[in-house]
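In this note's numbering, the protein residues as written are 304 to 454.
Below, the structure written as structure tokens:
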């Protein structure tokens with residue numbers, strides 16, 4: 304379980320997760336046969352780059368104030384997936400992993416939003432959570448369309 308001592312550590316963790324998502328989506332895009340899905344994963348990678356940039360801006364501009372006692376209780380392990388990315392992953396496994404990652408990111412941003420007093424920062428975290436939720440829905444629709452209908 305991650306135990307953070309500052310908001311900088313929380314933001315660094317969130318930015319690391321966004322970068323992992325970028326790397327994951329780029330890797331998936333490079334392995335897919337469907338040009339449409341390659342494009343989808345590349346678009347998601349770009350979205351995650353934007354998320355990371357927003358978090359970096361928050362950190363750089365010091366747009367926050369979270370009491371230390373609230374930081375220690377973020378329960379970050381709830382937002383970390385333990386599934387290993389493999390080059391030989393099936394499309395189904397990749398979609399499931401993507402859904403789990405987006406769900407974890409959503410939960411993290413909702414939790415962060417609940418811990419801040421700054422309304423603008425709260426709105427940013429809620430906006431990021433909503434974007435992650437939309438990503439998850441896109442993967443769920445893809446899963447329903449291509450995986451469940453094949454079985």
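We treat Cβ as the ideally placed atom computed from N, Cα and C, and that holds for glycine.
- Positions of the beta strand (DSSP E) runs, each at least 3 residues long and wholly inside the segment 422–451, cannot be given because no such run exists.
- Cβ neighbours of residue 348 within its own chain (closer than 6 angstroms, five residues either side excluded): 325, 328, 329.
- Residue 445 sits away from residue 415, with the two beta carbons spaced by 9 angstroms or more.
- For a cut-off of 8 angstroms, the C-beta gap from residue 311 to residue 362 is around 6 angstroms, short enough to register as a contact.
- The three-state secondary structure of residue 341, taken from DSSP, is helix.
- If the five residues before and after residue 443 are omitted, its C-beta is found closer than 7 angstroms to the C-beta atoms of 402, all from its own chain and listed in chain order.
- Per DSSP, the unbroken alpha helix (DSSP H) holding residue 404 starts and ends at 394–418.
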